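> In UniProt numbering, the protein residues as written are 1 to 257.
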Amino acid sequence: MRLAPRLRADNPHPFCWVLAGLGFFAFEVFLWPVLFCPGVPYTGCQACRLALEPFMSGIITMGRSGITLEQVESAVSALEARNEAVTYDAIRNELGSGGYSTIGKHLQTLRARTASTSPMTVEVPAEIAASLTATLGQLWQQAQSVAAQDVETLRRAANARVQTAEQDLDQLLRRLDSTLEELEQTQSALAQSSTEVRVLEQAQARLQGENESLARQLNALQAVIQDQSETLKQFMAQHATQDEKSTARKRPSNDQA
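#1: Taking only the alpha-carbon atoms, compute the straight-line gap between residue 225 and residue 238 and give it to the nearest angstrom.
#2: Can you check whether the CB of residue 85 is closer than 9 Å to the CB of residue 75?
#3: Mind checking whether the beta-carbon of residue 106 lies closer than 8 Å to any heavy atom of the ligand GTP?
#4: With a threshold of 8 Å, are at least 3 pairs of Cβ atoms found where one atom belongs to the segment 96 to 104 and the other to the segment 155 to 174?
#5: Determine the burial state of residue 262: buried for a count of at least 16 other Cβ atoms within 10 Å of its Cβ, exposed for fewer.
#6: How many Å lie between residue 194 and residue 98 at the Cα?
#7: For residue 216, count neighbouring C-beta atoms within 10 Å of its own C-beta (all shown protein chains included) and say buried if the count is 16 or more, exposed if not.
#8: Do you know offhand how far residue 213's Cα is from residue 227's?
#9: Among residues of its own chain, excluding the 5 on either side of residue 80, which ones have a beta-carbon nearer than 8 Å to its beta-carbon?
#10: Identify whether residue 67 lies in helix, strand or coil by the three-state DSSP scheme.
#11: Starting from residue 90, trace the alpha helix (DSSP H) both ways and give me its first and last residue.
#12: What is the rounded straight-line gap between the Cα of residue 108 and the Cα of residue 185?
#13: CA-CA distance, residue 206 and residue 192?
#14: Using C-beta distances below 6 Å, list every residue in its chain close to residue 58, excluding the 5 sequence neighbours before and after it, in chain order.
#15: Look at the Cβ atom of residue 110, then the Cβ atom of residue 69, and state whether they are nearer than 9 Å.
#16: Quick one: what does DSSP say residue 99 is sitting in, helix, strand or coil?
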């Protein structure tokens, strides 16, 4: 028996498309990529991963409230037109505002709409289809055996896990929004503090200038006082000399008497 050739993980396996088309999502999620995918065992081919997407790709970016679905759709179209990655921050920068939680909800709506209106078609290569003929019957029996189990129970369990993950993500994104608001408040307070510091620095510079001016006036006044003191000393010395001369002139007169 000729075995099916190995496929790259980005190539779909035809039989996987058959299972996905029949709605065996639980089979695809839990067992098929690990046990039976003939293309890429243990990891699954592109079809397997696409079958996983309804369960595993529910974690989508979210953002702030206040923006509409049409705005997010327009931002996504603009990013795709420029061949840029569609990320939370890219959409937020494109819109100029918006929270992560709201952006994420709109993205989830857009993806659901795209998935429901864009059916995927795959052209199966002839050599791959021929290699599957020998093993198709056995694989089909295995698929029916697994699908006969309680698929609805498995699907509900998977959906419950996805919902729990979405709730956890929503809480984290709300905390992120709260943290961003606190950061904005802190930055605003810091800017206000910087303004107050500049006012204090200006007041300090003004007071320092006044202090220097007063110091110069004090030095000038001290110089004037020093000059007046010297003048007073000279005047007193001259007055003392005149008194001595006057006393000396009076003594001979007293002696003659």
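Just so it is clear, CB atoms sit at the ideal spot from N, CA and C, and this is done for glycine as well. This structure is a prediction, so every number in the text was calculated from the model and none was measured.
Taking the geometry as given:
#1: Going by the C-alpha atoms only, they are around 20 Å apart.
#2: It is not a contact, given that the beta carbons lie outside the stated cut-off.
#3: The ligand GTP is absent from the structure shown, which contains no ligands of any kind.
#4: Under the 8 Å Cβ criterion, the segment 96 to 104 counts as touching the segment 155 to 174, having at least three qualifying pairs.
#5: Residue 262 lies beyond the residue range present for the chain, which begins at 1 and ends at 257; the question has no answer from this structure.
#6: In this model, residue 194 and residue 98 are separated by some 28 Å (Cα to Cα).
#7: By the beta-carbon neighbour count (other beta carbons within 10 angstroms, threshold 16), residue 216 is exposed.
#8: Rounded to whole angstroms, residue 213 to residue 227 spans 21 Å at the Cα level.
#9: Excluding positions up to five away in sequence, the list reads 86.
#10: In this structure, residue 67 counts as coil in the three-state DSSP scheme.
#11: Under the DSSP assignment, residue 90 falls in the alpha helix (DSSP H) whose first and last residues are 88 to 95.
#12: Answer to the nearest angstrom: the Cα atoms are 30 Å apart.
#13: Roughly 21 Å separates the two Cα atoms.
#14: Because the pLDDT of residue 58 is 40, which lies under 50, any placement of that residue in the model is unreliable, and the number read from its coordinates should be weighed accordingly. Excluding positions up to five away in sequence, the list reads 162, 166.
#15: Their beta carbons are under 9 Å apart, which means residue 110 touches residue 69 by this criterion.
#16: Coil, per DSSP.
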